[in-house]
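K.L.:
2 protein chains.
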Amino acid sequence: MVNSSSARLDSIFHALSDPTRRAILRDIATKEKTVGEIARPYRVSLAAVSKHLKVLETADLIARERRGNFQIVRLNAATLKPAEQWLAYYEKFWDRRFDG
Amino acid sequence: MVNSSSARLDSIFHALSDPTRRAILRDIATKEKTVGEIARPYRVSLAAVSKHLKVLETADLIARERRGNFQIVRLNAATLKPAEQWLAYYEKFWDRRFDG
DNA sequence: GTACTATTCAACCAAATGGTTAACTCTAGC
DNA sequence: GCTAGAGTTAACCATTTGGTTGAATAGTAC
Chain A
51 MVNSSSARLD SIFHALSDPT RRAILRDIAT KEKTVGEIAR PYRVSLAAVS KHLKVLETAD
111 LIARERRGNF QIVRLNAATL KPAEQWLAYY EKFWDRRFDG
Chain B
51 MVNSSSARLD SIFHALSDPT RRAILRDIAT KEKTVGEIAR PYRVSLAAVS KHLKVLETAD
111 LIARERRGNF QIVRLNAATL KPAEQWLAYY EKFWDRRFDG
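For the protein sequence lines, the chains are A and B, in the order given. Sequential numbering of the first sequence, starting at 51, is according to our numbering. Sequential numbering of the second sequence, starting at 51, is according to our numbering.
1. Does the CB of Glu87(B) have a neighbour CB from chain A at under 8 Å?
2. Would you call the CB atoms of Ala109(B) and Ile62(B) closer than 8 Å?
3. Could you pull out every unbroken alpha helix (DSSP H) segment of at least 4 residues lying fully inside the region 53-91 of chain A, listed in chain order?
4. Going by CA-CA distance only, name the one from Pro132(B), Val94(B), Ala98(B) and Ala127(B) that's closest to Arg58(B).
5. Which same chain residues end up closer than 8 Å to Asn126(B) when comparing Cβ atoms and leaving out the 5 residues on each side of it in sequence?
6. Give every residue of the same chain whose Cβ lies closer than 8 Å to the Cβ of Val99(B), excluding the five residues on either side of it in the sequence, and list them in chain order.
7. With distances taken Cα to Cα, identify the nearest neighbour of Ile78(B) among Leu106(B), Lys101(B) and Leu96(B).
8. When the Cα of Arg146(B) is compared with those of Arg124(A), Ser55(A), Lys104(A) and Ser95(A), which residue comes out closest?
9. With DSSP run on the structure shown, which of helix, strand or coil describes Val105(B)?
10. On the DSSP letters alone, give me the boundaries of the beta strand (DSSP E) that Glu115(B) sits inside.
11. Taking 8 Å as the threshold (C-beta atoms), are His64(B) and Leu67(A) in contact?
12. Note down, in chain order, every chain A residue with its Cβ under 8 Å from the Cβ of Asp60(B).
13. Glu115(B): which of Ala128(B), Lys83(B), Phe143(B) and Ala138(B) sits nearest, CA to CA?
14. Residues of chain A with CB closer than 7 Å to the CB of Ala79(B), please, in chain order.
15. Which chain A residues sit within Cβ distance under 7 Å of His102(B)?
16. Put Val94(A) into one of helix, strand or coil per three-state DSSP.
17. Quick one: is the Cβ of Val105(A) within less than 7 Å of any heavy atom of the ligand NAD?
18. Glu107(B) touches chain A at which residues, Cβ-Cβ below 7 Å?
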């Protein structure tokens with residue numbers, strides 16, 4: 051069976067279950083940013099954003115690169131693939147009618 | 051912007067972040083089942099499964115229908131659509147190369 | 001109405017989550 | 001070495017989570 055490592059899906063879906071984290075992924079999708087740049091738009095503290103980034107990093111959804119005094123954060127979009135594949139299985143049921 | 055109601059995505063992704071809940075969705079995808087039938091394969095208590103079902107129901111991922119003494123649980127697969135659409139946005143970045 | 005079966009609810013518990021502020025570490029520049 | 005800036009870690013807190021057991025409810029069958 052296409053296992054997709056259940057634990058991996060756990061961490062991906064958990065990472066995606068928070069709106070701030072989803073927004074962060076959006077933010078860095080087209081342009082890599084520093085941690086400070088990422089944090090700026092949000093009302094929460096920098097420490098809170100740092101924690102969100104750690105969750106995303108643990109799920110392997112982002113990667114960091116030190117560049118001088120900053121860290122550059124970039125999206126690891128390929129990690130989303132198993133999640134989308136998991137969901138794709140259910141497409142065939144989207145239109146199913148239940149006797150209502 | 052295709053809002054997809056952030057709160058809706060929260061509840062969907064949260065529901066999917068637990069392996070038991072994902073397994074339950076799999077179980078009922080092709081054949082609707084009663085609560086008892088759903089619970090049987092799992093080692094956790096029936097009450098625990100009942101809680102999982104409540105999470106899935108809150109996310110609108112399942113629906114129940116009372117049939118005599120039983121409740122029939124069926125998948126509401128269409129609810130997954132916004133999640134998959136959210137993920138689809140990132141497909142274009144799957145193959146992006148970061149200067150490594 | 002009594003009994004049985006199916007399922008939920010209540011009370012409880014330990015661990016995880018998401019936030020805070022304050023202290024710490026790392027790097028660059030002087 | 002000292003200082004300033006960028007970011008993480010620590011300690012703390014309230015809430016949520018996922019599990020348990022045991023009592024309660026709902027429907028069927030007698």
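For glycine and all other residues, C-beta sits at the position ideal for the given N, C-alpha and C.
P.N.:
With the given structure in hand:
1. no
2. Pairing Ala109(B) with Ile62(B) gives a Cβ-Cβ distance under 8 Å.
3. 56-66, 69-79 and 85-89
4. The option with the nearest alpha carbon to Arg58(B) is Pro132(B).
5. Asp110, Leu111, Ile112 and Ala113
6. Thr70, Ile74, Val85, Ile88, Ala89 and Tyr92
7. The option with the nearest alpha carbon to Ile78(B) is Leu106(B).
8. Considering only alpha carbons, the answer is Arg124(A).
9. helix
10. Ile112 to Arg117
11. Contrary to the premise, residue 67(A) reads as Ser rather than Leu in this sequence. Taking 8 Å as the cut-off, the beta carbon of Ser67(A) is found closer than this to the beta carbon of His64(B).
12. Ser67, Asp68 and Pro69
13. Lys83(B)
14. Tyr140 and Phe143
15. Simply none; closest approach about 14 Å.
16. coil
17. Looking for the ligand NAD in the displayed structure turns up nothing, as the structure carries no ligands at all.
18. None at all; the shortest Cβ gap to chain A is about 14 Å.
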